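Read through the structure below, which is laid out as structure tokens, and then see the notes.
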Amino acid sequence: GAGVSQTPSNKVTEKGKYVELRCDPISGHTALYWYRQSLGQGPEFLIYFQGTGAADDSGLPNDRFFAVRPEGSVSTLKIQRTERGDSAVYLCASSLRGRSTDTQYFGPGTRLTVL
Amino acid sequence: KNEVEQSPQNLTAQEGEFITINCSYSVGISALHWLQQHPGGGIVSLFMLSSGKKKHGRLIATINIQEKHSSLHITASHPRDSAVYICAVRGTYTGTASKLTFGTGTRLQVTL
Numbered sequence: 004g005a006g007v008s009q010t011p012s013n014k015v016t017e018k019g020k021y022v023e024l025r026c027d028p029i030s031g032h033t034a035l036y037w038y039r040q041s042l043g044q045g046p047e048f049l050i051y052f053q054g055t056g057a058a059d060d061s062g063l064p065n066d067r068f069f070a071v072r073p074e075g076s077v078s079t080l081k082i083q084r085t086e087r088g089d090s091a092v093y094l095c096a097s098s099l100r101g102r103s104t105d106t107q108y109f110g111p112g113t114r115l116t117v118l
Numbered sequence: 252k253n254e255v256e257q258s259p260q261n262l263t264a265q266e267g268e269f270i271t272i273n274c275s276y277s278v279g280i281s282a283l284h285w286l287q288q289h290p291g292g293g294i295v296s297l298f299m300l301s302s303g304k305k306k307h308g309r310l311i312a313t314i315n316i317q318e319k320h321s322s323l324h325i326t327a328s329h330p331r332d333s334a335v336y337i338c339a340v341r342g343t344y345t346g347t348a349s350k351l352t353f354g355t356g357t358r359l360q361v362t363l
């Protein structure tokens with residue numbers, strides 16, 4: 004079956020612009036996670052959705068970052084007024100119910116470059 | 252100090268060698284995950300552990316909850332095992348149980 008997909012795979016933008024990154028989780032997975040991975044680092048948690056609601060958004064670095072999942076499936080991560088420090092690979096993962104013992108399935112990531 | 256520490260950061264081995272990657276964590280956990288990341292970014296979950304030991308093919312993962320330590324072993328290593336191996340934990344409390352906290356990864360290169 005289809006895994007987690009993310010679009011675009013690469014995004015180059017200019018400082019100050021707005022970007023949207025999309026994640027399509029595995030069908031039927033209620034839990035969806037966004038992570039950010041800077042070069043040479045492990046991923047860092049951004050936000051966790053259970054269904055349509057953001058159950059934990061404690062990892063969002065500031066109010067320029069926002070994410071939605073209006074129908075409990077596809078999620079969009081939105082970044083306003085992008086800064087060079089936002090350059091990273093943005094990873095999405097989904098799991099069946101979000102239990103600690105559930106496997107998280109990762110998408111291929113979106114590489115964001117802010118010039 | 253990071254909540255999840257891995258060692259070594261980089262590891263080069265010859266084909267056939269036995270490899271050990273270590274992970275130490277400083278928080279109470281509900282589960283520990285070992286993940287593999289190949290160049291280009293794709294992450295694959297290898298193991299999820301809450302106690303004891305698991306084996307899958309040439310890979311073995313162990314965890315000692317009392318010592319807050321886990322190891323990933325690769326037997327008879329092969330060049331296709333070359334990747335970054337990442338340890339990640341889930342906490343036990345509300346606010347920590349919903350997310351993975353990652354180590355910085357161990358970059359493994361296996362040569363012929």
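If you read the protein sequences in the order shown, they are chains A and U.
Just so we're aligned, residue 4 is where the first sequence starts under the numbering used here, counting upward by one.
Just so we're aligned, residue 252 is where the second sequence starts under the numbering used here, counting upward by one.
In this text, a Cβ means the ideal position worked out from N, Cα and C, and glycines have one as well.
Since we're looking at a predicted model, the values are computed, not measured.
Between the segment 41 to 60 of chain A and the segment 273 to 280 of chain U, do at least 3 Cβ pairs fall closer than 8 Å?
no
Nearest-angstrom Cβ-Cβ length linking Leu94/A and Leu24/A, presumed shorter than 8 Å:
At roughly 10 Å, the Cβ-Cβ gap does not stay under 8 Å, so Leu94/A and Leu24/A are not in contact.
Leu310/U to Leu286/U, Cα distance in whole Å?
12 Å
Own chain, CB closer than 7 Å to Phe109/A, minus 5 neighbours either side, in chain order
Val7, Leu94 and Ala96
Below-8 Å beta-carbon distance, Gln83/A vs any chain U residue
no
Counting contacts by CB-CB distance shorter than 8 Å, is Thr106/A in contact with chain U?
yes
Proximal residues, the segment 28 to 50 of chain A versus chain U, C-beta separation under 8 Å:
So the list reads Tyr36, Tyr38, Gln40, Gly43, Gln44, Gly45, Pro46, Glu47 and Phe48, given in the order they occur along the chain.
Counting beta carbon pairs with one atom in the segment 322 to 332 of chain U and one in the segment 295 to 313 of chain U, are three or more of them shorter than 8 Å?
yes
My output table needs one value for Arg72/A: the three-state DSSP class, helix, strand or coil.
If DSSP states are grouped into helix, strand and coil, Arg72/A belongs with coil.
Counting only runs of 3+ residues fully inside the segment 12 to 98 of chain A, write out the beta strand (DSSP E) ranges in chain order.
13 to 16, 22 to 27, 34 to 40, 47 to 53, 56 to 59, 68 to 71, 78 to 82 and 91 to 98
Out of Thr357/U, Gln360/U, Val340/U and Leu359/U, state which residue places its alpha-carbon closest to the alpha-carbon of Ser103/A.
Val340/U
Go through its chain and collect everything with a Cβ distance to Arg114/A's Cβ below 6 Å, but skip five positions before and after it.
Contacts found: Asn13 and Val92.
Report yes or no: do the segment 252 to 272 of chain U and the segment 65 to 84 of chain A share at least 3 C-beta pairs separated by less than 8 Å?
The segment 65 to 84 of chain A and the segment 252 to 272 of chain U do not touch, with fewer than three beta-carbon pairs separated by less than 8 Å.
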